[in-house]
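The structure appears below as structure tokens.
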Amino acid sequence: MSSSDEEDSIDQQLKITLIGDGTAGKTSLCSRLSQENFTNQYKQTLGLDFFLKRYTLPGNINATLQVWDIGGQQIGGKMLDTYLYGAHGIILVYDITNHSSFENLKDWLDIVKQTFSRSNKMPHLSLVGNKKDLEHLRTVKKEVHSEFAQKNGMSSFFLSAKSGDQVNYCFQKIAADILGVRLSKHEVEQSNRVIKADIVTYAEKESASSSASNSTKSTFCTLQ
Numbered sequence: 093m094s095s096s097d098e099e100d101s102i103d104q105q106l107k108i109t110l111i112g113d114g115t116a117g118k119t120s121l122c123s124r125l126s127q128e129n130f131t132n133q134y135k136q137t138l139g140l141d142f143f144l145k146r147y148t149l150p151g152n153i154n155a156t157l158q159v160w161d162i163g164g165q166q167i168g169g170k171m172l173d174t175y176l177y178g179a180h181g182i183i184l185v186y187d188i189t190n191h192s193s194f195e196n197l198k199d200w201l202d203i204v205k206q207t208f209s210r211s212n213k214m215p216h217l218s219l220v221g222n223k224k225d226l227e228h229l230r231t232v233k234k235e236v237h238s239e240f241a242q243k244n245g246m247s248s249f250f251l252s253a254k255s256g257d258q259v260n261y262c263f264q265k266i267a268a269d270i271l272g273v274r275l276s277k278h279e280v281e282q283s284n285r286v287i288k289a290d291i292v293t294y295a296e297k298e299s300a301s302s303s304a305s306n307s308t309k310s311t312f313c314t315l316q
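Residue 93 is where the sequence shown starts when you use this note's numbering, and the numbers rise one by one after that.
This is the structure in structure tokens:
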């Protein structure tokens, strides 16, 4: 990028918050988005994890997404409204093979509406059906998903944290929608070839054995 391009570029920071049941796969989505990996080992998020992801959008806009992953047990937590406050976008995530995770989104959405009831503007809302790689085990019909999204003015996505299918597209499209940028799927696929993630690292004490390990380490922060 030339110095002229750098001067003309626009930097935008967006807070994107993920909510939904604990087994919906929110943390897996964040790991796929920021680290491009997936693990079958389930570890419940306690409190809050957050990640950073950067995109370059049409119009020379540099969008930095601070993605907040809220633990599924936080639906009745005292800090939930604080976690939600100030979000530019909120993503409601459910597991397409777990109907109860979809039904519980009504409660999550009610909390969002209560949190922003005094605000002049609601954040951008998105509905994400995760685990599309398990289509043969689907329990939530696509028509029901679409109806819920349309009724509540949400953008709608089906994706897979395991395969990575549509994950980058989902987050980049949401960023573009919030910023009012026209973005085609083709443009997203092309830009994903060169986009790299920047991840905030809040390192905790690690054992000498884990330091010597060649396996990928976790690079997210957990606030409890």
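Glycine included, every Cβ here is placed at the ideal spot set by N, Cα and C.
Give every residue of the same chain whose Cβ lies closer than 6 angstroms to the Cβ of His191, excluding the five residues on either side of it in the sequence, and list them in chain order.
Position 99 of the sequence shown, counting from 1, holds the residue named residue 191. Answer for His191: Thr231 and Val232, listed in chain order.
Between Lys243, Lys234 and Met171, which has its C-alpha nearest Tyr186's C-alpha?
Walking along the sequence shown from the start, residue 186 turns up at place 94. Ranking Lys243, Lys234 and Met171 by Cα distance to Tyr186 puts Lys234 first.
CB-CB under 6 angstroms to Arg124, same chain, minus the five flanking residues each way: which ones, in chain order?
Position 32 of the sequence shown, counting from 1, holds the residue named residue 124. Excluding residues within five positions, the ones whose Cβ falls inside 6 angstroms are Phe130, Ala253, Gly256 and Val259.
Of the residues Thr148, Asp225 and Thr119, the one placed nearest Asp161, counting alpha carbons only
Counting from 1 along the sequence shown, the entry for residue 161 is found at position 69. Of Thr148, Asp225 and Thr119, the residue nearest in Cα terms is Thr119.
Among the residues of its own chain, which have a CB less than 6 angstroms from the CB of Ser218, if the five just before and after it don't count?
Taking the first residue of the sequence shown as 1, we reach residue 218 at position 126. Excluding residues within five positions, the ones whose Cβ falls inside 6 angstroms are Ile183, Met246, Ser247 and Ile266.
Following the continuous alpha helix (DSSP H) through Phe208, name the residue where it begins and the one where it ends.
For the purposes of this step, residue 208 is taken as the residue at position 116 of the sequence shown. Run containing Phe208: none; DSSP gives neither H nor E here.
What does a CB cutoff of less than 7 angstroms around Ser238 pick up in its chain, not counting 5 residues either side in sequence?
For this step, residue 238 is matched to residue 146 along the sequence shown. Hits under 7 angstroms: Ser248.
Which residue from Asp100, Val236 and Ser211 puts its Cα closest to that of Asn152?
Mapped onto the sequence shown, residue 152 falls at position 60. When only C-alpha atoms are compared, the closest one is Asp100.
Select from Ile108, Asp141, Thr156 and Phe142 the residue whose C-alpha is nearest the C-alpha of Ile102.
In the sequence shown, counting from the first residue as 1, residue 102 sits at position 10. The option with the nearest alpha carbon to Ile102 is Thr156.
With 16 as the cutoff for other CB atoms within 10 Å, does Val220 come out buried or exposed?
What you label residue 220 is simply residue 128 of the sequence shown in a count that begins at 1. Buried, by the Cβ-count rule.
Looking at Ile108 and Val159, is the spacing between their C-beta atoms short of 9 angstroms?
Reading the sequence shown from its first residue, position 67 is the one you call residue 159. Reading the sequence shown from its first residue, position 16 is the one you call residue 108. In this structure, Ile108 lies closer than 9 angstroms to Val159 by Cβ.
Classification of His228 by the beta-carbon crowding that lies within 10 angstroms, buried from 16 upward:
Numbered from 1 along the sequence shown, position 136 holds the residue referred to as residue 228. Counting Cβ neighbours within 10 Å, His228 comes out exposed, since fewer than 16 surround it.
Between the C-alpha atoms of Ile287 and Thr148, what's the straight-line distance to the nearest angstrom?
For the purposes of this step, residue 287 is taken as the residue at position 195 of the sequence shown. For the purposes of this step, residue 148 is taken as the residue at position 56 of the sequence shown. The pLDDT assigned to Ile287 is 39, lower than 50, so where the model puts this residue is not dependable; a value taken from the coordinates is nonetheless given after this. Rounded to the nearest angstrom, the two C-alpha atoms are 8 angstroms apart.
Buried or exposed for Ile174, going by 16 or more other Cβ atoms inside 10 Å?
On the sequence shown, position 82 is the one that residue 174 refers to. The sequence as given places Thr at residue 174; Ile does not occur at that position. Burial call: exposed.
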